[in-house]
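**Student:**
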Amino acid sequence: NTEVRISYDTQRTRLHAKAYYFERDTGFSTAYIGSSNLSKAALSEGTEWNMKVSEYTSFDIIQKFRYTFDTYWNMSEFVTFDGTDVEDVKRLSRALSSEGYTPTTEARFFDLKAFTYQQEILDALQIEREVHGSYKNLVVAATGTGKTMVAAFDFKQFYKLNPNARLLFLAHRKEILEQSIASFRGVLRDANFGELWVGGFTPSINDHVFASIQTLNSSGNYKGLNVDHFDYIVLDETHHGAADSYQRITNYFKPMILLGLTATPERMDGKSILADFNDRIAYEIRLAQAIEQNLLCPFHYFGVTDTTSINDVKWQGGRYVTSDLSVTYIADHARNRAILNAVDKYVSDMSTVKGIGFCVDQNHAKHMADVFNKAGIPCESLDANSSREQRSTIQKRLKSGEIKFVFVVDLYNEGVDLPFVNTVLFLRPTESATVFIQQLGRGLRLAEGKEVLTVLDFIGQAHKEYDYRMKFQKLVGRTNHSINDEIEHGFSSVPRNCFIQLERYAKEYVLRNIKEGMTNTRKLKQMVLAFRTDSGLDLTVGNFLNHYGLDAQELYKYATLTELTTDGFVVDNESILSRANNFKLVFSRLCKIDDIGLLKFLITYLAAPKADVTEVEKRKVLMLYYSLFNSEPPSTLHAAFMNMKQYSSDLYSEMIELLKHNLEMAKHIPVNLTIAEHVSLELHANYTTNQVLVALGDSTTEKLMPFREGVKFIKSLHLDVFFITLNKSEKHFKESTLYEDYAINEYLFHWQSQSRTSIDSPTGQRYVNQRSNGSRVMLFVREAKSDQYGMTEAYTCLGFADYVKHSGSAPISIEYRLKEKMPIGVLRQSNKFVDMG
């Protein structure tokens, strides 16, 4: 009478929690949470730590326990195990043997499945190709997140549809190519797949080639192949792509798909890599996100005050002159003592240290090794001139603990797997975001027994053009607070289990630097003035945002482009837009529109507004109008938009440009929901409440319906619409509205009714009798009430949901099953109890 579910993922899943729950209908359910395994010794004789929790006295703990268990139980990763089923027993045996529990010499290929975060990338690639017609795709993912596996899974899908497809995988090092061909063979379950073209290896046939860029360039043999010979090309570590050696090959071949993989979109040599990928990033998983998903280990970052003055060090070409910086550091003996003191202060156990110190140049690296060796800390130094044998020997000595640090220059930035590294020293200012992330990434690989990476970054007074903000943006990731606020208030938004601390003067140096370089209206005006010279492009919303790497709402937090380009801009009093006192606020609301069908229609309509429109089209125009204004139109919709076009032509044109930019940035495959005649809503698009109510016919040109409840029953459609805010706070919600709403898995969603809705009320009966009364339910969800720019967040449409079961009354807890799988990004936001990958 026992059901067991097992996760066979031996690499990432480490569900070590032990708890026992005894459910009682009386309200006195009990749980034991602690260290005991399910064995007689553990439960009765062993010395264990357990806590007994009662539902009666600790309802919140029991409730969270149930929610967490339900989530794990319903995850697709956990599979029901039947001890009488031969295949189940074999699968468990294989998983155990792969962990070394039993000896085996049999070569096997497992059914490899993409992790949740990898599937999210694969979905994004599908959207790029199907929605935007872009087959040159760039994936940005932090070092250690399995970018090569993503390429292998993506090629597997392509290979199914094109069984004769030829593959070229390009990288700049033999080790990367060897690891990559092994990954492809595992995913494709083919031990003979692919051939190397590097270091003396030459392919016998040119069907599936894993080649070094240097080898292809030196031989020039690729020119004997047709330009369309390869159907699918992977370019690894794409930030090298601006180098001539890469460009020669990528410019020669014309594949059906070009997939670029990189840890950062910022290039190393100042040239753009986006031009080779239709000026688009298909998907980006940054450092903070990777740590949150347990793909990389957490870090403890200490910003140590560096008193060495480098104000007089020459700054040239966007960076310090290396020779001058090195001389300054080497000559400062007080700095050496400060570095040793910081290591002693922040490194808890020197006996376990396996560290890398990143230096200015070869002389600086040798100098730091001498300093540490004289202090009794065994170290070595390496640089680009070190032999391969020397590098290998020193790496082994570091891993064994024989030496504690290796001081390097332009080594270990990428492509070298050093998971045992647990300490990183930044002994020089890092001007490049690329280099900073790569060097930090050397210590972020997961390893047995490694709990955290210790980072010591020596921070001094920097040149005014040096940008401290970029590194803290990388460390913190997405946050609803400015980087200034994060620094001022102790970094409240760091990834899970991470920590950032700045010493007093280091903090002052950073804040002063960021203040001088902060984005604001003045800086935006400077960017607008320099845009045509910098880019050579026409000034449009899309061109401006893409060139400077800005989010649309980052621009409209301060001003519209029209206001930035026109001194003393004032809208004509005859314009209906004069009703909007705050244009940047109006345009910020437009940034939320991503319904692809709606955007395409509005772009066409605004080019030439017309009075003769269908009911569906009328509602689409009204959705735009109520995005601009919070009151009914003074006359007809046609007249309103003709008025804007006539009296506010600059803002009107900018509105069209913004909608075009939104269309280019849309991240879902358009699927129209079948709701009713004249209703047009797309699955997984984002909407405001006003837009949804217009689309459903509840709000009209005559009446904008007020809405505050979070639930809406539209009687004419026999439809309940739930607007769900996942992360509620007492600041924005009353205690009675802090409902328990969360995803259980990609299909199941737990929703809680309003606190006054009882099971016996007409509304409660309609909810729980959905199967028999024919009513319908639609779910719209958002992560929080406001976004990082302080604007009201839009809701993602999850589509229709069917009643599964319920419990309780006033409020009623209901479990729904979605008709369509929710997007992985929404799933991750919607479940805070477990890591959804």
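With the working numbering as the guide, the letters of the sequence shown map in order to residues 2 to 838. Every residue gets a Cβ at the ideal spot worked out from N, C-alpha and C, and that includes glycine.
1. Helix, strand or coil, according to DSSP, for Met779 in the structure here?
2. At a cut of 8 Å, does the stretch 634-654 reach the stretch 780-790 through at least three beta carbon pairs?
3. When you compare only the Cα positions, how much space is there between Asn583 and Pro496?
4. Measure the C-alpha to C-alpha separation of Met257 and Gly550 and round it to an integer number of angstroms.
5. Could you tell me how far apart the beta carbons of Ala142 and Tyr9 are, in whole angstroms, since I believe they sit closer than 8 Å?
6. Can you tell me where the beta strand (DSSP E) holding Glu258 begins and where it ends?
7. In terms of residues, what are the limits of the beta strand (DSSP E) holding Gly304?
8. Roughly how many angstroms lie between the CA atoms of Ser213 and Trp198, to the nearest whole one?
9. Measuring straight from C-alpha to C-alpha, what distance separates Lys761 and Gly35?
10. Determine the extent of the beta strand (DSSP E) in which Met706 is found, giving its start and end residues.
11. To which residues of the same chain is Lys735 closer than 6 Å at the C-beta, ignoring the five residues directly before and after it?
12. Just the C-alpha distance for Ile206 and Gly826, rounded to the nearest angstrom, thanks.
13. If you drop the 5 nearest sequence neighbours on each side, which residues of the same chain put their C-beta closer than 7 Å to that of Asn163?
14. Enumerate in chain order the residues of its own chain whose CB-to-CB distance from Ala677 is below 7 Å, with the five nearest sequence positions on each side excluded.
15. Could you tell me which residues DSSP pairs with Ser8 in its beta bridges?
16. Does DSSP put Glu816 in a helix, in a strand, or in coil?
17. Under 6 Å Cβ to Cβ from Asp596, same chain only, skipping five residues before and after it: list those, please.
18. Judging by CA-CA distance, which residue of Asn663, Thr701, Val693 is the nearest neighbour of Leu674?
19. Please work out which residues of its chain come closer than 6 Å, Cβ to Cβ, to Val235, disregarding the five sequence neighbours upstream and downstream, and give them in chain order.
20. Do Lys661 and Ile594 have their C-beta atoms closer together than 8 Å?
21. Between which two residues does the alpha helix (DSSP H) containing Lys621 stretch?
22. According to DSSP, simplified to helix, strand and coil, what is Ser184?
23. With the cut-off set at 8 Å, would you say Lys465 and Ala434 are in Cβ contact?
24. Thinking Thr702 and Glu633 are a contact (beta carbons under 8 Å), I'd like their distance in whole angstroms, please.
25. Report yes or no: do the stretch 398-405 and the stretch 349-366 share at least 3 C-beta pairs separated by less than 8 Å?
26. Counting along the chain, where does the beta strand (DSSP E) carrying Lys19 start and finish?
27. If you measure between the beta carbons of Phe714 and Leu780, is that distance less than 8 Å?
28. So what does DSSP say about Ala608, is it helix, strand or coil?
29. Taking the C-alpha atoms as reference points, what is the distance between Arg389 and Asp552?
30. Which whole runs of the alpha helix (DSSP H) in the stretch 140-222 are 4 residues long or more, in chain order?
31. Going straight from the alpha carbon of Thr309 to that of Arg338, what length do you get?
32. Grab the span of the beta strand (DSSP E) containing Ile340 for me, first residue to last.
33. Would Leu530 be called buried (16 or more neighbouring beta carbons within 10 Å of its own) or exposed?
34. From Leu262 to Lys646, what distance separates their C-alpha atoms?
35. Spell out the partners DSSP gives His751 in its beta bridges.
36. Of the residues Leu828, Tyr160, Gly147, Val322, which one's Cα is nearest the Cα of Leu297?
**Tutor:** Concretely, from the data shown:
1. strand
2. no
3. 35 Å
4. 27 Å
5. In fact, because the Cβ distance is near 24 Å, the residues do not count as touching under 8 Å.
6. Reading off the sequence, residue 258 comes out as Ile, not Glu. Its beta strand (DSSP E) spans residues 258-263.
7. 300-306
8. 6 Å
9. One detail in the question is off: residue 761 reads as Asp in this sequence, not Lys. Between Asp761 and Gly35, the C-alpha separation is close to 40 Å.
10. Counting along the chain, Met706 falls outside any beta strand (DSSP E), and DSSP gives it neither H nor E.
11. At Lys735 the pLDDT is 46, less than 50, meaning the model places this residue with poor confidence and gives no usable figure here.
12. 41 Å
13. Asp232
14. Leu718
15. Phe79
16. strand
17. Glu683, Ala686
18. Val693
19. Ala152, Phe170, Leu260
20. no
21. 616-629
22. helix
23. no
24. 6 Å
25. yes
26. 19-23
27. no
28. helix
29. 44 Å
30. 148-162, 175-189, 214-220
31. 12 Å
32. Premise fails: Ile340 lies in the alpha helix (DSSP H), 334-347, not in any beta strand (DSSP E).
33. exposed
34. 44 Å
35. Tyr743, Glu816
36. Gly147
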